[in-house]
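This report concerns only the one structure given below.
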Amino acid sequence: MYDFALQRPQSLNEAIEALSAEGAQALAGGQTLIPTLKNRLASPDVLVSIGGLSELQGVSETDGTVSIKAGTTHGVVAATVESYPALASLAGNIGDPAVRNRGTIGGSLANNDPSACYPAAALASNASITTNKRTISASDFFAGLFETTLDEGELITQVDFPVPDAANYQKFDQPASRFALVGVFVAKYGNDVRVAVTGASEDGVFRWSEAESALAGNFSSSAIDGLEVDSEGMIEDIHGSKSYRASLVKVMTKRAVAAC
Amino acid sequence: MATVTMTVNGKSVSGEVEGRTLLSDFVRNNLNLTGTHIGCDTSQCGACVVHVNSKAVKSCTMFALEAEGSSVTTIEGMANPDGSLGTVQQAFQDNHGLQCGFCTPGMVMSAAALLEENPNPTETEIREYLEGNICRCTGYHNIVKSIQAAAAAA
Ligand SMILES: Cc1cc2nc3c(=O)[nH]c(=O)nc-3n(C[C@H](O)[C@H](O)[C@H](O)COP(=O)(O)OP(=O)(O)OC[C@H]3O[C@@H](n4cnc5c(N)ncnc54)[C@H](O)[C@@H]3O)c2cc1C
Ligand code: FES
Ligand code: FES
């Protein structure tokens, strides 16, 4: 790791102030950032630790919305969210218990790893991502591999998920990394069905719109039998070829619909 | 350098650390508590698991300064006050839950965290909870047996 100064601000305002400095970066659970620093793939001058800020902790559930403060760990989401079981179970299957005790929803969304789980939930639920400056709809948030539309120094403070009528997340584990080899999140809001896919595309999380249209008319796993996923642009690595991943997208979507 | 103060195994300790000093390095190098092992240093293997405020965390993936004011328990804190093996440790010894012993500190700390949350876990729950702890020797069966025995003994 390159050297840096670690700051522990006592309030959200102090953290935002500290993050406006040149070379400053937020440190939440560190479950992605610390390995990145060890590989010298990041070289911040100052890390602003936001993990301990009580203003960024907690879950509330009202009027069909689950609101999660950005610093809430995966473990807390898994243990407390009641009205959106698919979301709680997604959080409870991220990595392993020790990762879930540190990793946060804000860090996961800001990082936008192409194989991460939360981006699929956020996109399928059209979650609202609130920062210290504005509220961004999930549809406008993810901008390709490890990229988001967050500005420099902009901090996610809260994520609001509208609770669907039915939803399910199917994760095909990549057992070495414990991320998703392919993960599909299906959420149904009235006649509107949203299908978000992670782990598959070189551009990161995406919506499978053909499946969404087919499922809007007929919400059953057989509705997508006739569809094929184009393997162009899929991730290829030692764990799976492009066509393997394309095939998994369909299989996982069918399983998710069947489990709704 | 900055001063960090925390409680480790019931004792208040402090030391001088850099921003980038990991909690694993702090307990091993500053406190000489070398029971916490560093297997991968990449957040994968779980050999470095300690408890911070009663939660299992990978100490190689947390900075020492982030533990300021916290209560930390390492494998050394799992023994009984008279120095004899604690319940989980004894169960590992009795059930041949270790071979080379490299993964064992992390296994014991994860097991203790599991039993704290769920005093009577099923075999499936034990295996799921150990997802982030890798053992190259035992094939896990005797580790699972050890944890079942520790649950029964508690
Ligand atoms: C062994 C292992 C297995 C894992 N398995 C999975 C898995 O199955 N699925 C999955 O989805 N993830 C997985 N992860 C990643 C994990 O979920 C991380 O916790 C998460 O990606 C990052 O969250 P963090 O709080 O640790 O963020 P950090 O590592 O602290 O930060 C990550 C990035 O986000 C930025 N950031 C953090 N918080 C904010 C904020 N509030 N606003 C703006 N920017 C912010 C940081 O500056 C940094 O760039 C795994 C990680 C490990 C080590
Ligand atoms: S040394 Fe920390 S997880 Fe392997
Ligand atoms: S006993 Fe050798 S690695 Fe587990």
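Taken in order, these protein sequences are the chains called A and B. If you use numbering that gives the first Met the number 0, the first sequence corresponds to residues 0 to 259, in order. If you use numbering that gives the first Met the number 0, the second sequence corresponds to residues 0 to 153, in order. We put the CB at the ideal spot given by N, CA and C, even for glycine. Note that the coordinates shown come from a computational prediction; the quantities given were computed from them, not determined experimentally.
The CB of residue 18(B) comes closer than 8 Å to the CB of 2, 3, 4, 5 and 46 in chain A, given here in chain order. When the beta-carbon positions are compared, residue 32(A) and residue 26(A) come within less than 7 Å of each other.
Residue 190(A) places its beta carbon 7 Å or farther from that of residue 213(A). Restricting attention to 124(A), 10(A) and 94(A), the CA atom closest to the CA of residue 70(A) is found in 10(A). In this chain, the beta strand (DSSP E) harbouring residue 23(A) covers 23 to 26. Within 9 Å of the CB of residue 110(A), no CB atom of chain B is found; the nearest one sits about 14 Å away.
Bridge pairing for residue 165(A): 187(A) [DSSP]. If you check each beta-carbon in the region 95 to 114 of chain B against every beta-carbon of chain A, the ones closer than 8 Å belong to 109, 112 and 113. For residue 250(A), the secondary structure class from DSSP, reduced to helix, strand or coil, is helix. Secondary structure in the region 90 to 159 of chain A: the alpha helix (DSSP H) runs of 4 residues or longer, each lying completely within the stretch, are 96 to 101, 104 to 110 and 117 to 123 in chain order. Against residue 37(A), the close residues of chain B are 40 and 41, in the order they occur along the chain (beta-carbon pairs closer than 8 Å).
In this structure, the CA atom of residue 93(B) is about 18 Å from the CA atom of residue 109(B). For residue 30(A), the neighbours in chain B by C-beta distance under 7 Å run, in chain order, 42 and 60. Using a Cβ-Cβ cut-off of 7 Å, residue 7(B) does not count as an interface residue toward chain A, since no Cβ of chain A sits closer than that to its own.
Inclusion of residue 45(B) in the 6 Å shell around ligand 2 follows from its C-beta lying nearer than that to a non-hydrogen atom of the ligand. At a cut-off of 7 Å, the C-beta of residue 55(B) has a neighbouring C-beta in chain A.
Annotation: the continuous beta strand (DSSP E) that includes residue 50(B) extends over 48 to 51.
A Cβ of chain A is located within less than 7 Å of the beta carbon of residue 64(B). With respect to the 7 Å criterion, residue 104(A) and residue 67(A) are classified as neighbours on the basis of their beta carbons. The beta carbon of residue 34(B) sits no closer than 7 Å to any beta carbon of chain A.
Contact annotation for residue 131(B) against chain A: 94, 95, 96, 97 and 98 [CB-CB distance below 7 Å, chain order]. Residue state for residue 60(A) is assigned as strand, using DSSP reduced to three classes.
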